[in-house]
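Here's the structure we're looking at; comments come further down.
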Amino acid sequence: MLNKRYITITLVLMLLLISCGSKSDRTGQRDPDNKGKIVHEIETVKEFNDLIDNSAGKILIVDFHANWCAPCKTLSPLLEKIAKEYTGKASFYKVNVDELRVIASRYQVTGIPYVVFFKDKKIAYSLVGLRSEQDYNKVIDALIQ
Numbered sequence: 069m070l071n072k073r074y075i076t077i078t079l080v081l082m083l084l085l086i087s088c089g090s091k092s093d094r095t096g097q098r099d100p101d102n103k104g105k106i107v108h109e110i111e112t113v114k115e116f117n118d119l120i121d122n123s124a125g126k127i128l129i130v131d132f133h134a135n136w137c138a139p140c141k142t143l144s145p146l147l148e149k150i151a152k153e154y155t156g157k158a159s160f161y162k163v164n165v166d167e168l169r170v171i172a173s174r175y176q177v178t179g180i181p182y183v184v185f186f187k188d189k190k191i192a193y194s195l196v197g198l199r200s201e202q203d204y205n206k207v208i209d210a211l212i213q
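Under our numbering, the sequence shown has 195 at position 127, and the numbering climbs by one with no breaks.
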């Protein structure tokens with residue numbers, strides 16, 4: 069009885085890990101070049117580090133998310149909309165916490181979505197959870213001043 073339960077739980081967990089660990093969306097397709105997207109997906113730790121290192125005089129908005137997170141999926145098109153409004157004033161990026169755990173750990177991400185606002189290479193502000201468009205706009209407007 070215990071062995072069957074253990075095996076069942078193990079199989080269910082393995083299936084969950086396999087389904088959540090993929091870089092694909094539900095269609096099985098990826099957009100590696102972020103074509104048509106203003107919010108760019110960070111793919112590697114080096115890419116993220118280079119981005120921060122070269123952000124002097126810039127405003128960066130980084131969305132820490134996961135593919136399985138419903139609020140993250142809701143936030144994604146909202147950030148695309150906001151990014152269009154702030155073209156040339158701020159740059160928008162996404163970091164998948166499941167794929168880039170080193171970065172998520174570095175910034176002590178414990179809840180998602182987690183949006184971090186960088187100015188001149190430093191964290192200026194952060195918001196945890198899904199917020200209104202006005203909340204994000206207020207922070208960006210304050211950083212632009």
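Backbone N, C-alpha and C fix where the C-beta goes; we use that ideal spot for every residue, glycine too. Treat the numbers as computed from the prediction; the structure is a model and nothing was measured.
- When the five nearest sequence neighbours on each side are left out, the beta carbons in the same chain lying within less than 6 angstroms of the beta carbon of Tyr161 are those of His108, Ile110 and Val130, in order along the chain.
- Counting along the chain, the unbroken beta strand (DSSP E) around Leu195 starts and ends at Lys190 to Val196.
- Under the three-state reduction of DSSP output, Glu109 falls in the strand class.
- In the three-state DSSP reduction, Lys162 falls in the strand class (E or B).
- Contact check between the segment 111–126 and the segment 148–155: fewer than three CB pairs, one atom from each, fall below 8 angstroms, which does not count as touching.
- Measuring C-alpha to C-alpha distances from Arg199 to each of Thr155, Val163, Pro139 and Leu168 identifies Pro139 as the nearest.
- C-alpha of Phe186 to C-alpha of Leu128: approximately 5 angstroms in a straight line.
- Comparing C-alpha distances from Tyr182 to each of Ile106, Thr142, Glu115 and Ile212 shows the shortest one belongs to Thr142.
- For Lys187, the enclosing beta strand (DSSP E) has its first and last residue at Tyr182 to Lys187.
- At a Cβ-Cβ threshold of 8 angstroms, Lys126 and Ile212 do not count as neighbours.
- DSSP places Leu119 in the helix class (H, G or I) of the three-state scheme.
- For Leu168, the secondary structure class from DSSP, reduced to helix, strand or coil, is coil.
- Within a 10 Å sphere around the beta-carbon of Ile171 sit 16 or more other beta-carbons, which makes this residue buried.
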